Structures are given as C-alpha cells and as structure tokens.
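K.L.:
Under the working numbering, the first residue of the sequence shown is numbered 184, with each subsequent residue one higher.
Beta carbons: idealized from backbone N, C-alpha and C, even for Gly.
None of the values given here were measured: they were computed from a predicted structure.
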Amino acid sequence: MYGVIVGDALGVPYEFKPRSTLQKTPVTGMRGHGTYDKPEGTWSDDSSLTLALADSLVYGIDYDDIMSRFSKWLYQNMYTPENEVFDVGQTTEEAIYNYTMGVNPLDCGGVEEYENGNGSLMRIMPLLLYINRKSIDEKSAIELINNVSSLTHAHKTSKACCNIYNFLVQAIIENREANNLKTLIKKAIERAKKQYPLKEYPEFKSLYDDLFFDSGENLDSTGYVVNALQIAFYACYHSSDYSDAVLCAVNFGEDTDTNAAITGGIAALYYGYKSIPPKWIDVIINKELINEVLDAFSEGLKHY
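#1: Assign residue 564 to one of three DSSP states: helix, strand, or coil.
#2: Tell me whether the beta-carbon of residue 468 lies closer than 7 Å to the beta-carbon of residue 264.
#3: Under a three-way DSSP split, which group does residue 486 fall into?
#4: Thinking C-alpha only, which one of 262, 261, 300, 267 is nearest residue 277?
#5: Bridge partners for residue 216 per DSSP, in chain order?
#6: Give the range of the alpha helix (DSSP H) segment to which residue 440 is assigned.
#7: With a threshold of 8 Å, are at least 3 pairs of Cβ atoms found where one atom belongs to the region 410 to 420 and the other to the region 270 to 285?
#8: In the DSSP output, which residue or residues are listed as bridge partners for residue 293?
#9: Please name the residue in 435, 388, 281 whose C-alpha comes closest to that of residue 399.
#10: Okay, do the region 368 to 384 and the region 335 to 350 touch, 3+ Cβ pairs below 8 Å being the bar?
#11: What separation, rounded to the nearest whole angstrom, lies between the Cα atoms of residue 308 and residue 203?
#12: Could you tell me the boundaries of the alpha helix (DSSP H) in which residue 155 lies?
#13: Under the rule that 16 or more other beta-carbon atoms within 10 Å means buried, what is residue 401, buried or exposed?
#14: Straight-line CA distance for residue 389 to residue 404?
#15: Can you check the region 397 to 421 for any alpha helix (DSSP H) of at least 4 residues that lies completely inside it and give the ranges in chain order?
#16: Would you call residue 447 buried or exposed, if buried means 16 or more other Cβ atoms sit within 10 Å of its Cβ?
#17: Among the candidates 210, 234, 220, 214, whose CA atom is the shortest distance from the CA of residue 472?
#18: Tell me whether residue 243 sits in a helix, a strand or coil according to DSSP, three-state version.
#19: Measuring CB to CB, does residue 292 end up less than 7 Å from residue 333?
#20: Buried or exposed: where does residue 310 fall if 16 or more other Cβ atoms within 10 Å of its Cβ makes it buried?
#21: Is DSSP giving residue 194 helix, strand or coil here?
#22: Quick check on this structure: which residue in 216, 258, 236 has the alpha carbon closest to the alpha carbon of residue 184?
#23: What do you get for residue 365, buried or exposed, if any count of 16 or more other CB atoms within 10 angstroms of its CB means buried?
#24: For the alpha helix (DSSP H) containing residue 202, name the first residue and the last one.
#25: Ends of the alpha helix (DSSP H) at residue 427?
#26: Could you check the C-alpha separation between residue 442 and residue 219 for me, to the nearest Å?
#27: For the alpha helix (DSSP H) containing residue 389, list its first residue and its last residue.
#28: Take the Cβ of residue 206 as the centre, count every other Cβ of all protein chains shown within 10 Å, and call the residue buried at 16 or more, exposed below.
#29: Tell me the DSSP secondary structure of residue 186 in three-state form.
#30: Relative to the C-alpha of residue 289, which candidate in 351, 281, 315, 330 has its C-alpha closest?
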C-alpha cells in the first residue's frame, strides 16, 4: 500500500493545477509546498482513509469499526502525517457526520448521482488485498466491496468502479508471472463489461471502447470516480514502471493526489514495492505510523 501513499504525496502539491500548466512544466518527482503549502512527502485523505481501513481489517470486517476509525481521522486527526486533516471530500465528510449522528454505517454514504466522487475508490485497496488473501468467492467479494464503498459512497457507479478496480487487482495477483500489464488491464475490462453492461452503466462507454488506450487527450482528471478509474487504467497501461504510471496520472492535472494514489496502488502491486523510487519513500512523512499499520495489517491477513 506504499504505492497508494507515495502516489498521494506525489500529487498533493499539484492538486487543482490544470493539465495545460503541467504539460508546459511536467512533474518529474517529489516536491513540497504547492497547493497546500505542505512539506515534501506529505500525504492526504486518500492515504489516511486507506490506513484507517487497513487498521480496521486487522480483526476482520466490522462496518461500525471502520466508520469509527474514519470519524477519529476526521475529528481527532488520527492517521495523518502531521496531526492535521486537510483536503476532505464533501461526500465523505457528510457520511462520517451521519455516522456520528447514529445512522447505520451502511446507510451513511451518498446515493445521488452527484455524490460519485472518487472517495471510496481511493481507499479501497486494503479491502481488495484482504479479499484476495482470504480467497473470498466472487459473489461475497462484490457484496463486501459494495458495502465498504457504501460507507461513504453508495451510488451504483461508485460501487461498480471499486469492483472493476478489484478485477484488475485479482488479475495481477492471479497472474504474478505475467509480464504484460496491458493484457491484464484488458482482461479486467472484459470482465467489467460482463458484470456492468453498457446498457445499465453507460458511464463506462469510454472505458469499454476499443480505442480507449490510443489517446489520453480526452480524459477528464476531475474528481468523478469514473474519471479516476480511467486515468489509473490508462496510466498503468502506458507505463514501464511505478514512477511512469504515477507521474502520468499526476500530469493529467486537477485531482492529482487521488488519481496518483489510485494509480499507484495498481502500479506497486504489479511492479512491486522495490519499483517505488527509494528517494520518494525516504521523504514520506510519519513512516512510523504507516509501517505500524501496515505491519499489523499484514499479520492480520495471516491470522484472521
């Protein structure tokens, strides 16, 4: 999951920068300040919620516990690099508030079309690793992913995107010897076409198009969940290593941290932890917290 966190930190300084600006001066590495004037290696809500979910999954699936940890992040600054929360998505914030008001966890998330931000996709990786490590059957896996997305984002599009992301995670895990990420991405999309047919999910028209990977010129990099999924697939498809993928995602502009976090999760899974530039990992803030959570998560996968 360092792939998620490093991608997030890489994109934080450039959030909301238009693509045209980054085309003139492309991002080539980690830096500080920028949009939020934060030190180099600062990560944001993408990583915080990923860590909170991973920490909860140590003991299995408990929706109340997940939302409780999300609440501690938002209101008590837990799972943050410097004891400060910033860059909070509105749909996520409203869902957590709903939970603190006594709403059932699975009823907290936004259900409207306009509430399809990328806030559940950006944090879903720990659950996907959990599902694949436990060899959970397909029907149960889809239900689990739908539920964990629904804690904050309950619209069918958000849930579908999280599942399509898992189709690629599964393809990578099941084909570790494969040396062609392009093939695995296309395999995941073919599976998505069957599970989420275009007639019911017209929002995936672009992703399902045979010409999708020919050009990224028309890709939208704002915070809509389908956009984030498309950028992650496109950036990974055209990559030769981890840095290629996340830099491509960042240089699309706009929601740079989340797009790179989602991309980075896939890229690190395929290329491996060692593919992440050590100099980028070195500057990540509060690695003590990150390592503590990830070590516990790894142990939890073995025992629970």
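P.N.:
In terms of the structure at hand:
#1: Within the shown structure, residues of the chain are numbered from 184 to 487, placing residue 564 beyond reach of any answer.
#2: yes
#3: helix
#4: 300
#5: 221
#6: 439 to 454
#7: no
#8: 336
#9: 435
#10: yes
#11: 30 Å
#12: Not covered by the structure: residue 155. The range shown for the chain is 184 to 487.
#13: exposed
#14: 14 Å
#15: 408 to 420
#16: buried
#17: 234
#18: coil
#19: yes
#20: buried
#21: helix
#22: 236
#23: exposed
#24: 202 to 207
#25: 425 to 433
#26: 17 Å
#27: 388 to 391
#28: exposed
#29: helix
#30: 330
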